[in-house]
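Residue numbers (my numbering), protein chains in the order written: chain F, 7 to 213; chain H, 7 to 213. Heads up: the structure comes next, in structure tokens.
Structural data, given as structure tokens:
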């Protein structure tokens, strides 16, 4: 049972990481992790995920600007509602964009030729879902190496897509910060900072 | 490195399983797996996934009927195009609905109160994506116990939602067969049967 129990540990301390040390990630390690992500399940074996590493400073700045704008808008929407949580929201660190050595954008090819359309006729969203499972595979594989990953979703998908100059047929899935975590914890960041807490699973299981 | 290499093995032989032995799955094991799935990442720590185990014969039959209708429509669409692959498509086994001891439907609560909206204002699809990561967590955890899981997406989401009588606010993510696999293989089913093959990852990584 050693492997199963270590797998459970991995699920438990996976975390969304938003603080990173400045240390770089070896290119060979990143390559290996992306190769593992490529083993994820995909509808019709279409492997529709597309990974884009973002190193260019101008492109990173455009993504950072989109995050800043969207996060400010989210904060103002709370203010407008006289939301008591606006102050707490403003203090949360929601992305590690400034410190993470590796920036990765993930897209899905909306209508991949590979897979010949199998399995997605009635549920085209399974293409995006496949890319999400590739992200999750990367997340677990990275964490197993001691790396941390943070998912940045407070972004305008159109702005990011434009900044990265990718094909029109690609659907933006998410933007990811990868690097060596400055903190390891079993407790989710949003729980540590009093925003939200895990709830018992039983409420989500219906028989 | 023993854990990392076993994790890689798990990614490699995870498979979408469509053939099951008749043996049942102990309820305690299923409970434990669903608890693990609940550790998945979620936008704003919203834990928006909803698991519904489907035991009722009438409900199972309704899902089976939807699969049959959608699969027939997919086959006819290929025939209409004089698709040379229609014969091969017709011979593929695309779901283990008749044998799998456990049937599980997964939904996402479209606008979960938990998480207080954090992270999903510009990308509401992250709610569904969170549920997909819970599915993938379940998949890996099940596989680590020797169980197999198969994702059935050849379904009408509205028909399944109606058959299972779930709240209107729930979005259908997928339907899953779980049980003890009749075959274990490193090679994807669709590759074994000549439908599609894995391609090199390099084409999907852009620097």
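Think of the CB as a built atom: it goes at the ideal place given N, C-alpha and C, for glycine as much as any other residue. A quick note: this is a predicted structure, and the numbers were derived from the prediction, not measured.
Straight-line CA distance for residue i to residue j?
i                      : j                      : result
residue 67 of chain F  : residue 53 of chain F  : 29 angstroms
residue 234 of chain H : residue 146 of chain H : Residue 234 of chain H is absent from the structure shown; chain H starts at 7 and stops at 213.
residue 120 of chain F : residue 119 of chain H : 38 angstroms
residue 201 of chain F : residue 190 of chain H : 43 angstroms
residue 150 of chain H : residue 16 of chain H  : 7 angstroms
residue 195 of chain F : residue 75 of chain H  : 45 angstroms
residue 161 of chain H : residue 97 of chain H  : 18 angstroms
residue 199 of chain F : residue 20 of chain H  : 36 angstroms
residue 209 of chain H : residue 179 of chain F : 18 angstroms
residue 214 of chain H : residue 61 of chain F  : For residue 214 of chain H there is no data in the structure shown, the boundaries of chain H being 7 and 213.
residue 59 of chain H  : residue 112 of chain H : 9 angstroms
residue 94 of chain F  : residue 71 of chain F  : 22 angstroms
residue 78 of chain F  : residue 55 of chain H  : 28 angstroms
residue 35 of chain H  : residue 155 of chain H : 14 angstroms
residue 176 of chain F : residue 138 of chain F : 14 angstroms
residue 51 of chain H  : residue 42 of chain H  : 15 angstroms
residue 213 of chain H : residue 152 of chain H : 37 angstroms
residue 140 of chain F : residue 47 of chain F  : 7 angstroms
residue 197 of chain F : residue 22 of chain H  : 34 angstroms
residue 12 of chain H  : residue 33 of chain H  : 26 angstroms
residue 14 of chain H  : residue 49 of chain F  : 21 angstroms
residue 117 of chain H : residue 159 of chain F : 16 angstroms
residue 9 of chain F   : residue 165 of chain F : 42 angstroms
residue 101 of chain H : residue 102 of chain F : 41 angstroms
residue 29 of chain F  : residue 188 of chain F : 10 angstroms
residue 174 of chain H : residue 115 of chain H : 9 angstroms
residue 80 of chain F  : residue 31 of chain F  : 32 angstroms
residue 203 of chain H : residue 85 of chain F  : 52 angstroms
residue 163 of chain H : residue 106 of chain H : 20 angstroms
residue 37 of chain H  : residue 82 of chain F  : 41 angstroms
residue 211 of chain H : residue 207 of chain F : 36 angstroms
Looking at the secondary structure, which residues open and close the beta strand (DSSP E) in which residue i lies?
i                      : result
residue 186 of chain H : No beta strand (DSSP E) holds residue 186 of chain H; DSSP gives it neither H nor E.
Would you mind giving the Cβ-Cβ distance between residue i and residue j, rounded to the nearest angstrom? I have them listed as a contact below 8 angstroms.
i                      : j                      : result
residue 144 of chain F : residue 45 of chain F  : The Cβ separation is near 10 angstroms, so there is no contact.
residue 157 of chain F : residue 26 of chain F  : Not confirmed; about 14 angstroms, so no contact.
residue 122 of chain H : residue 91 of chain F  : 6 angstroms
residue 99 of chain H  : residue 205 of chain H : Actually they are not in contact, since the Cβ atoms of residue 99 of chain H and residue 205 of chain H sit about 23 angstroms apart, beyond 8 angstroms.
residue 73 of chain H  : residue 110 of chain H : With a Cβ gap of about 15 angstroms, residue 73 of chain H and residue 110 of chain H do not count as contacting.
residue 148 of chain F : residue 184 of chain F : 6 angstroms
residue 181 of chain F : residue 69 of chain F  : 6 angstroms
residue 142 of chain F : residue 192 of chain H : About 20 angstroms; that fails the 8 angstroms criterion.
How far does the alpha helix (DSSP H) with residue i in it extend, from its first residue to its last?
i                      : result
residue 215 of chain F : Limits of chain F in this structure are 7 at one end and 213 at the other, which puts residue 215 of chain F out of reach.
residue 139 of chain F : 132-150
residue 206 of chain H : From DSSP, residue 206 of chain H is part of no alpha helix (DSSP H); its letter is neither H nor E.
residue 167 of chain F : 163-170
residue 195 of chain F : 195-198
residue 8 of chain H   : 8-19
For the ligand COA, is there a heavy atom less than 7 angstroms away from the beta-carbon of residue i?
i                      : result
residue 141 of chain F : Summarising the ligand content, the structure contains no ligands, and the ligand COA is consequently not present.
Along chain A, in chain order, which residues have C-beta atoms closer than 7 angstroms to that of residue i?
i                      : result
residue 135 of chain H : Absent here is chain A; the protein component of the structure consists of chains F and H.
Could you name each continuous beta strand (DSSP E) segment of 3 residues or more that falls completely within the stretch 23-107 of chain H, going from the start of the chain to the end?
55-59
Counting Cβ pairs, one atom from each stretch, are 3 or more of them under 8 angstroms apart for the stretch 53-65 of chain H and the stretch 160-178 of chain H?
Under the three-pair Cβ rule at 8 angstroms, the stretch 53-65 of chain H counts as touching the stretch 160-178 of chain H.
Any 3 or more C-beta pairs closer than 8 angstroms across the stretch 130-139 of chain H and the stretch 130-146 of chain F:
yes
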